[in-house]
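One structure is given below, encoded as structure tokens.
Numbering (my numbering), first residue to last: 3 to 578.
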């Protein structure tokens, strides 16, 4: 797992794509699925990679902003390269702010092939489906996380595994016949297009469980060298031009990063015997005993020999795979529609999620300095949705919204796009904060009861109070709403939420700040008994996601439903 545009050490909760790469150490060699947490990518051809990276990275004159696209060069590129729009819509809708690495799915992005021994082949796309469900943060919440806990995602994953809440992901494939390349209204070799599950369902092949943390981060996580060219027999490439370029660029990257013998580093080695003619080079970790490292040879009976389909479980390509047409430096005309699927994203999300997209783009584009770039970007949005373009432009100055351009407008939608409009299949491993006070024995007693009951549901529970007395997990001085997926105030703790109450044990108003931020970030919040006064003082009234209970059992039972919903977006205003 990784972020993409930020430098090492940048905040985990940046609005960014997440890497999601996996390696299979098979009996035929290593197989890498080098993916991300979105089903598509920004560009269609690897030749555009340097331009994309130059545009999205910090601007070269001042080397800012870090891990962010809210600047001129990024949006100039987005407006001039409309293949980026489909992915940008997903990024702004929540995919770029996952609640955790546990709560995001992974995608191979490219169309690949599976090939049988008999030479039959199918087009496929890889998927990792999170068994925890998918959930996302809100932007204000993410900004607070980056300031207070920049290691948020990595720490969450480590803690979950350390405490036995092992993340699980199902591996699946979408399987298509070779003649279905253009069957769905777009080219499946186009990496900027996702294939709706309504058209091609996912066939589940197995399940991955993350049940151990690294022993040494540098030796295992930092040193692993993924590349899409690591395939085994039965897996083959397609003519996707982005994939074809990645087959070269990732090898170059790993050679540049770790040296020509990067595959000899322990984490990169296959778990089977190796037979090749590789010799010498920087970082050589073996002492070869074969003096005849060339083929063909007679001095060593021709060994080592290149593995093939019949000898040595070697790679082989689909026998019917043929390339036709002239070799030209241009993309296929079947790649030309950049707006229809972006429109489909807009059609597939709720009104509250549309507001999230609008607000995200308002935040980003408002920081662009060039009036020309802002105008060009709104023109592109208008090709997706006139409503979207108008609402984003409303936050800008002197940007003209064109008349509706319905060339690519459609009513297509998919039930598999929305993140916020689905409930979590399990709440196991979520974090609950119980707000108590050491000045109230009643609140501490009830906090202990709540903690025991929530823990029995598989939740991670932290009791928050003024000092680390027995039964307290974190102090108010160290606590923040971002650390919890839901908050409950224990009866007897309400006194510390009044404006008059202060303490040298925490910053002024910290308990109220935690409660208000939790509510303001769409989290379920609740109070038991007399603690309702705390929510009254905060101005939090009874509504979905707000729970008032008379006792522990009632609080736990009602609160579990709120955790499944995860975010209550009805708290936030919509454009009129």
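For each residue, glycine too, the CB sits at the ideal point set by N, CA and C.
| What residues in its chain sit with their C-beta under 6 Å from that of residue 418, if we drop five residues either side in the sequence? | 199
| query | Taking buried to mean at least 16 other C-beta atoms within 10 Å of its own C-beta, is residue 1 buried or exposed? | reply | An answer regarding residue 1 cannot be provided, because it is not within the stretch 3 to 578 covered by the chain.
| said: Please state whether the Cβ-Cβ distance between residue 190 and residue 125 is less than 9 Å. | reply: yes
| query | Should residue 337 go down as buried or exposed, given a rule of 16 or more other Cβ atoms within 10 Å for buried? | reply | buried
| request: Tell me the start and end of each unbroken alpha helix (DSSP H) in the region 84-162 that is at least 4 residues and wholly inside, in chain order. | output: 87-92, 141-150
| query | Hey, residue 351 and residue 95: beta-carbon distance below 9 Å or not? | reply | yes
| field | Under 9 Å between C-beta atoms of residue 423 and residue 482 | value | no
| said: So residue 499 and residue 540 are supposed to be a Cβ contact under 8 Å. How far apart are they, rounded? | reply: 7 Å
| request: Drop a sphere of 10 angstroms on the beta-carbon of residue 291, count the other beta-carbons inside from all chains shown, and report buried for 16 or more, exposed for fewer. | output: exposed
| Taking one C-beta from the region 96-108 and one from the region 134-142 each time, how about it: are there three or more such pairs within less than 8 Å? | yes
| message | Check whether the region 403-416 and the region 372-386 are in contact - that is, three or more C-beta pairs closer than 8 Å. | response | yes
| Are the CB atoms of residue 237 and residue 114 nearer to each other than 9 Å? | yes
| Beta bridge counterpart(s) of residue 27 as assigned by DSSP | 32
| task | Could you pull out every residue in the same chain whose Cβ sits closer than 6 Å to the Cβ of residue 243, ignoring the five residues on either side in sequence? | result | 47
| query | How close, in whole Å, do the beta carbons of residue 478 and residue 513 come, if the pair is a contact with beta carbons under 8 Å? | reply | 6 Å
| request: May I have a chain-ordered list of the beta strand (DSSP E) segments no shorter than 3 residues that lie completely inside the region 175-235? | output: 204-211
| said: Pop quiz: residue 492 and residue 537 are said to be a contact at Cβ under 8 Å. What is the actual Cβ separation, rounded to whole angstroms? | reply: Wrong, their Cβ atoms sit about 13 Å apart, outside the cutoff.
| Close beta carbons around residue 89, own chain, < 7 Å, minus the five adjacent residues each side | 40, 42, 43, 44, 194
| request: Assign residue 56 to buried or exposed, taking buried as 16 or more other Cβ atoms, counted over all protein chains shown, within 10 Å of its Cβ. | output: exposed
| Counting along the chain, where does the beta strand (DSSP E) carrying residue 433 start and finish? | 433-437
| request: Check each candidate in 547, 553, 476 and name the one with the smallest Cα separation from residue 532. | output: 553
| said: So, for residue 177: in the same chain, excluding its five sequence neighbours on each side, which residues have a beta-carbon less than 8 Å away from its beta-carbon? | reply: 116, 124, 125, 126, 202, 205
| request: Mark residue 256 as exposed unless 16 or more other C-beta atoms lie within 10 angstroms of its C-beta, in which case mark it buried. | output: buried
| field | Beta-carbon spacing of residue 534, residue 550 below 9 Å | value | yes
| field | Host beta strand (DSSP E) of residue 550 (start-end) | value | 548-551
| What residues in its chain sit with their C-beta under 7 Å from that of residue 164, if we drop five residues either side in the sequence? | 215
| message | Give the list of continuous alpha helix (DSSP H) stretches no shorter than 4 residues that lie fully inside the region 482-539. | response | 512-522, 534-539
| Going by alpha carbons, who is nearest to residue 33 out of 508, 374, 363, 235? | 235
| query | Who does residue 171 pair with in a DSSP beta bridge? | reply | 132, 210
| field | Whether residue 434 touches residue 561 by CB criterion (9 Å) | value | yes
| request: Consider the Cβ of residue 32: report whether some Cβ of chain C lies at a distance smaller than 9 Å. | output: As a matter of chain content, chain C is missing from the structure shown, which is built from one protein chain.
| Taking contact to mean at least 3 C-beta pairs separated by less than 8 Å, is the region 58-75 in contact with the region 370-378? | yes
| query | How long is the line joining the alpha carbons of residue 110 and residue 343, rounded to whole angstroms? | reply | 18 Å
| Thinking C-alpha only, which one of 49, 4, 307, 153 is nearest residue 579? | This structure cannot speak to residue 579, because the chain is shown only from 3 to 578.
| said: Looking at the secondary structure, which residues open and close the beta strand (DSSP E) in which residue 464 lies? | reply: 462-467
| said: In whole angstroms, give me the CA-to-CA distance for residue 361 and residue 26. | reply: 40 Å
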